[in-house]
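Novice: Residue numbers (my numbering): 4 to 431.
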């Protein structure tokens with residue numbers, strides 16, 4: 004089977020086209036997760052003529068710090084016709100796409116086995132860079148184009164389903180946040196007999212109508228400096244949650260130990276558990292830092308300060324890193340209410356304000372929980388939980404489905420190593 008393997012350098016070539024006329028303005032960076040991302044580099048005063056132009060179906064990679072990161076960042080440009088990237092990144096393309104499909108090649112680069120090979124050969128410099136010539140000598144199986152296309156199609160079917168689930172998950176979160184705002188910021192929760200008997204007793208037609216808009220009684224609260232529904236209370240967040248700093252450890256992308264949630268992992272629109280690294284942890288520490296359903300995790304430093312996620316997946320054993328703070332609601336009734344509050348925009352704005360405007364904003368657990376909130380009547384919280392429970396359940400189903408799809412995606416990538424036969428070998 005090894006006879007189907009071919010040298011990568013025989014199928015690709017470097018491309019070095021500079022942005023001399025400044026015609027291309029879309030500036031991209033390259034992430035360690037092997038994706039093109041909008042660049043966050045400060046380009047003020049930078050000569051953009053030296054930046055490299057990359058076109059659709061071309062690759063960019065980083066061969067620096069491969070050993071330190073345990074990965075070789077490499078990505079295929081598919082979203083844009085052209086863009087510019089840093090001159091530090093080698094740009095290359097497939098010489099003949101009738102022999103090797105770019106999408107098949109990027110699948111090979113996505114494999115964890117490829118990263119292990121790159122890390123093993125990365126010996127240059129203090130942080131371990133990979134020599135370009137060594138990269139060209141790496142090999143991959145090159146079956147017929149029809150076989151490559153079938154593999155790509157099977158892989159893309161799974162990737163597209165994962166993407167659809169992510170979109171549905173985001174829409175469910177958006178809808179839940181809208182409900183939270185309608186009930187607890189605008190105070191237009193639906194009037195119910197058990198929560199608003201004083202309204203319903205004389206006007207039963209008000210059942211189901213929005214509270215504030217329908218003339219529900221409001222009272223001024225001095226601590227919050229605003230009117231809140233009559234019978235609701237003022238509380239500080241620290242009276243409703245227990246807070247805890249995370250575990251100090253080194254992240255490892257080898258599948259050993261338990262999942263190790265970092266700021267990077269919660270700063271995205273959702274937690275992609277497939278890309279979350281691992282760490283070694285003793286049983287006594289695992290008990291202390293293990294994440295549970297309902298836990299709220301918040302970034303306390305850096306550019307992503309205030310980013311937060313609530314843990315809904317109960318199938319993954321994970322701990323959280325030291326630059327994160329866990330808030331654990333003291334009551335199950337408060338799980339969804341506090342989860343939506345902390346992951347919403349108002350709370351994040353508060354964190355950004357108290358963290359300061361320095362280059363490295365900081366927010367400790369005291370600041371994070373010194374937040375004034377309005378606490379609804381328990382009957383209203385119970386009604387809200389019943390309404391948003393299906394959203395949470397559906398999101399968990401989608402996340403569990405994606406976990407299985409990600410496993411299947413990994414299986415396809417692993418099977419690439421055995422693809423090909425003597426009849427399918429492509430020669431050039």
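Built from N, CA and C at the ideal position, the CB exists for glycine as well.
Given 8 Å as the limit, is there contact between the segment 218 to 226 and the segment 266 to 285, that is, 3 or more CB pairs closer than that?
Specialist: The segment 218 to 226 vs the segment 266 to 285: no contact.
Novice: Can you tell which of 419, 422, 404 and 42 has the C-alpha that lies nearest to the C-alpha of residue 166?
Specialist: The shortest C-alpha separation from residue 166 is found at 404.
Novice: Does the pairing of the segment 242 to 260 with the segment 379 to 393 give three or more beta-carbon distances under 8 Å?
Specialist: With a cut-off of 8 Å, the segment 379 to 393 and the segment 242 to 260 do not count as touching, because too few Cβ pairs lie within range.
Novice: Do residue 304 and residue 364 have their beta-carbon atoms positioned less than 9 Å apart in this structure?
Specialist: Yes, the pair counts as a contact, with Cβ atoms nearer than the cut-off.
Novice: Would you call the segment 51 to 65 and the segment 73 to 86 touching, i.e. three or more CB-CB distances under 8 Å?
Specialist: Yes: the two stretches touch, three or more of their Cβ pairs being nearer than 8 Å.
Novice: Across which residues does DSSP place residue 281 in a beta bridge pair?
Specialist: Partner(s): 255 and 262.
Novice: State the DSSP-derived secondary structure class of residue 225, mapped to helix, strand or coil.
Specialist: Residue 225 falls in the coil class under three-state DSSP.
Novice: Would you check if the segment 23 to 35 and the segment 136 to 153 touch, i.e. whether three or more CB-CB distances between them fall below 8 Å?
Specialist: Because the criterion of three Cβ pairs below 8 Å is not met, the segment 136 to 153 and the segment 23 to 35 do not touch.
Novice: Thinking C-alpha only, which one of 14, 301, 335 and 18 is nearest residue 142?
Specialist: Comparing Cα-Cα distances from residue 142 to each of 14, 301, 335 and 18, the minimum goes to 14.
Novice: Helix, strand or coil for residue 160? Go by DSSP, reduced to three states.
Specialist: Helix, per DSSP.
Novice: Are there three or more Cβ pairs, one per stretch, closer than 8 Å when the segment 202 to 216 is compared with the segment 350 to 359?
Specialist: No, the segment 202 to 216 does not touch the segment 350 to 359.
Novice: If distances are taken between C-alpha atoms only, which option among 300, 315 and 314 comes closest to residue 308?
Specialist: It is 300 whose Cα lies nearest to the Cα of residue 308.
Novice: Curious, which full-length beta strand (DSSP E) runs of at least 3 residues does the segment 349 to 426 contain?
Specialist: Runs found: 375 to 378.
Novice: Just to confirm before moving on: does the CB-CB distance between residue 246 and residue 329 stay below 9 Å?
Specialist: Contact flag set, yes.
Novice: Are residue 377 and residue 197 closer than 9 Å when you measure CB to CB?
Specialist: Going by C-beta atoms, residue 377 is not nearer than 9 Å to residue 197.
Novice: Under the DSSP definition of a beta bridge, which residues are partnered with residue 248?
Specialist: In the DSSP output, where bridge partners are listed per residue, residue 248 has 328.
Novice: CA-CA distance, residue 426 and residue 97?
Specialist: For residue 426, the predicted model reports a pLDDT of 42, less than 50, meaning its position is unreliable and no value from the coordinates is stated.
Novice: Considering only residues of the same chain and omitting the five flanking positions on each side of residue 189, which have a CB-CB separation below 6 Å?
Specialist: Cβ within range, chain order: n/a, list empty.
Novice: Using only the alpha-carbon positions, how far apart do residue 417 and residue 278 sit?
Specialist: Cα to Cα, residue 417 sits roughly 16 Å from residue 278.
Novice: Using CA atoms only, rank isn't needed, just tell me which of 243, 36 and 10 is closest to residue 72.
Specialist: Per the Cα distances, 36.
Novice: DSSP puts residue 82 in a beta bridge; with which residues?
Specialist: DSSP, once it has assigned bridges, lists no residue as partnering residue 82.
Novice: Kindly indicate which three-state DSSP category residue 165 falls into: helix, strand or coil?
Specialist: Residue 165 falls in the helix class under three-state DSSP.
Novice: Ignore the nearest five residues each way along the sequence and tell me which others in residue 280's own chain have a CB closer than 7 Å to its CB.
Specialist: Contacts found: 254, 255, 256 and 263.
Novice: At what residues does the alpha helix (DSSP H) containing residue 8 begin and finish?
Specialist: Per DSSP, residue 8 belongs to no alpha helix (DSSP H); it is in the beta strand (DSSP E), 8 to 10.
Novice: How many Å lie between residue 222 and residue 232 at the Cα?
Specialist: Their backbone Cα atoms lie some 6 Å apart in a straight line.
Novice: Quick one: which unbroken alpha helix (DSSP H) runs of 4-plus residues sit fully inside the segment 125 to 156? Chain order, please.
Specialist: Here the runs fully enclosed are 135 to 140.
Novice: Quick test of your reading: residue 131 and residue 69, contact by CB under 8 Å. State the CB separation rounded to the nearest angstrom.
Specialist: Sure, about 6 Å apart at Cβ, within 8 Å.
Novice: State the start and end residues of the unbroken alpha helix (DSSP H) segment that holds residue 289.
Specialist: Residues 286 to 292.
Novice: Taking DSSP as the reference, what is the three-state secondary structure of residue 122?
Specialist: Here residue 122 sits in helix by DSSP.
Novice: Since residue 32 is in the beta strand (DSSP E), which residue starts that stretch and which ends it?
Specialist: Run containing residue 32: 31 to 33, per the beta strand (DSSP E) assignment.
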